[in-house]
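In my numbering, the protein residues as written are 18 to 372.
For reference, the structure is listed below as structure tokens.
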Amino acid sequence: MKTIGKLGAVLAVGLFAAGARPVLAGDLTVFDWAGYEDPAFHPDYVKKYGGSPQFAFFGDEDEAFQKLTSGFKADLAHPCSQSVVKWREAGLLEPLDTSKIASWNDVLPGIKAMKNLMTDDKGVAWFMPFEWGNTAVVYRTDKLKPEDVASLQAFADPKNKGRVSIGDNVDDAYALASLAIGLKDWSTMTDAQFQQASDFLRKVHKNVRLYWTDNTQLSQAMASGEVDLAWAWNETVTTLAGENVPVAMNRDAKEGLSTWVCGYVKLKGGTGDDQKAYDFINAVTAPDVSDYLVTQWGYGHSNAKGMAAIDPATLAAGGYDNVEKFTANTLFQTPVPIALKAKMIAEFEKIKAGF
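Here's what the structure looks like:
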């Protein structure tokens, strides 16, 4: 779920639009979050083909879905757990050939166990996990005390008016709201709980300084002192800590935190080279990518062997040393019923508009 700064994204999009491609590396288009074109994520692909594939970018998965259903063509895409079923049922995906995916059997057991994610009820494979992480409380430690952010109710506390930021992202917003009302399995959300969660977001809206759209925007707002409290991804803490900004992530809020998994799918109708598609999937899920993902981006890798090879102190610093504890008090962003997702999208737009 990481995004790069706007300048880097513009330059990358400009290259894509101009048709520029590294020698030998073309014939494959990856539809992705801006930032994941980083060659350090797919070194084996670069080594084999002399460069990266072509990339096109989306801002969020709903935008990506709309583009794909409107006829945009690519070969691979990078959705997250809550979107896989929707994309599959819309006919956007084609099954994966797991015999061509080297790390298919090395995926962390906790991710493998997520229902209707990697495979459907019939055992057909659709999704290869790549990275996973949290959306949780991130705060300026020089402005707020740990007791001030012990509960997710802090986001709705009037004393934080104008100092709060949450993502312009319906999934993270309703993950926050679901946790705040005591719901950890949002796939079972009733109409009454949906209303309760939406009411909570309306209270949060009164405190929101900005709805962040990428890590750069949020990091700048927190570094400048504009925002003290955010519902944010792991990378924000990694970024700000590197700039010596006093921030922390509270993974132990009373109501919990949210965990998401993102990965790669094959898009139906793609015209790129099939071998290159699987070479790219194998490159990003290779065990030697794990250390870079954890240390430089603050996210966990799907490859269990790669994670096990990382220095224990490094894993502990990122909160990845105890996966059972990491996931014990969490709302997994699993797929939700399509009708419920549509309600969330419509309601969140109203909330952001002040209604």
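Quick reminder that beta carbons are idealized off the backbone N, C-alpha and C, glycines included.
None of these values were measured; they are calculated from a predicted model.
Which residues bound the beta strand (DSSP E) around residue i?
i	result
D49	46-50
F72	71-75
W229	225-229
L348	347-349
S182	181-184
Excluding five sequence neighbours on each side, which residues of the same chain lie with their C-beta closer than 6 Å to the C-beta of residue i?
i	result
I362	V187
P146	V124, I128, V278, G280, S319
G242	none
F75	A81
W229	S182, G184, L235
L274	N151, A153, R268, T347
V47	P70, F72, L93
K201	L348
G31	In this prediction, G31 has a pLDDT of 36, which is less than 50 and means its spatial position is unreliable; nothing more can be read from the coordinates.
L41	For L41, the predicted model reports a pLDDT of 45, less than 50, meaning its position is unreliable; a value from the coordinates is still stated below. Closer than 6 Å at the Cβ level, and outside the excluded window around L41, lie Y66, G67.
D368	One point to set straight first is that residue 368 is Ile, not Asp, in the sequence displayed. Cβ neighbours of I368 beyond the five flanking positions: L218, R219, H222.
A265	T158
F365	V187, A190
W149	V278, G317
P56	V63, S69
Leaving aside the five residues before and after residue i along the sequence, list all residues of the same chain whose C-beta is less than 8 Å from its C-beta, in chain order.
i	result
G25	Any reading at G25 is ruled out, since the residue's pLDDT is 38, under 50, leaving its predicted position unreliable.
A197	L169, Q170, F172, A173, A214, F217, E272
W143	V101, R105, L110, P112, L113, M135, T136, D137, V282
K285	G108, L109, L110, E111
A321	D123, V124, L125, P126
P175	K223, N224
If you follow the alpha helix (DSSP H) that residue i is part of, which residue opens it and which one closes it?
i	result
R219	208-222
M135	Looking at the DSSP string, M135 is not in any alpha helix (DSSP H), and its letter there is neither H nor E.
S195	187-197
N232	232-240
V63	60-66
L169	Element bounds for L169: n/a, residue is neither H nor E.
F365	355-369
Residues in the same chain with beta-carbon distance under 7 Å from residue i, minus the five sequence neighbours each way, listed in chain order, please.
i	result
D338	P329, L332
I10	Given a span of 18 to 372 for the chain in the structure shown, any question on residue 10 remains unanswerable.
I327	S307, D308, V311
G287	K90, A91, D92
A240	L257, E260, V262
D77	N186
L161	D245, L246
D165	A171
P39	Confidence at P39 is low in this model, with a pLDDT of 42, below 50, so the placement of that residue should be treated as unreliable; the coordinate-derived value is given next. Only G67, G68, S69 meet the Cβ criterion.
H59	S69, F297, A300, V301
V141	P112
A167	A270, K271
Q210	I198, L200
Per the DSSP calculation, residue i is bridged to which residue(s)?
i	result
R157	V264
W149	V278, G317
L246	Y156, V181
A142	T136
A124	Checking the sequence shown, residue 124 turns out to be Val, not Ala. In the DSSP output, where bridge partners are listed per residue, V124 has N320.
Pull up the CB-CB distance for residue i and residue j, whole angstroms please, since I reckon it's below 8 Å.
i	j	result
T152	A194	The pair is not a contact, with the Cβ atoms about 12 Å apart (cut-off 8 Å).
T351	M131	6 Å
L45	P70	4 Å
L85	R180	37 Å between Cβ atoms; not a contact.
H95	D49	5 Å
N317	M324	Residue 317 is actually Gly in this sequence, not Asn. Yes, they are in contact, since the Cβ atoms of G317 and M324 sit about 7 Å apart, within 8 Å.
S116	P354	No, S116 and P354 are not in contact; Cβ-Cβ is about 32 Å, not under 8 Å.
K358	K103	7 Å
A238	V155	Contact doesn't hold; Cβ gap of about 11 Å is too wide.
A303	S120	7 Å
So is the beta-carbon of residue i under 8 Å away from any non-hydrogen atom of the ligand NAP?
i	result
N320	With respect to small molecules bound, the structure shown includes none, and the ligand NAP cannot be examined in it.
Legend entry - Runs of alpha helix (DSSP H) lying entirely within the stretch 87-118, each at least 4 residues, in chain order: 101-106
Inset, instruction - Enumerate, from N- to C-terminal direction, the unbroken beta strand (DSSP E) stretches of 3 or more residues contained entirely within the stretch 249-332. - result: 264-267, 274-284
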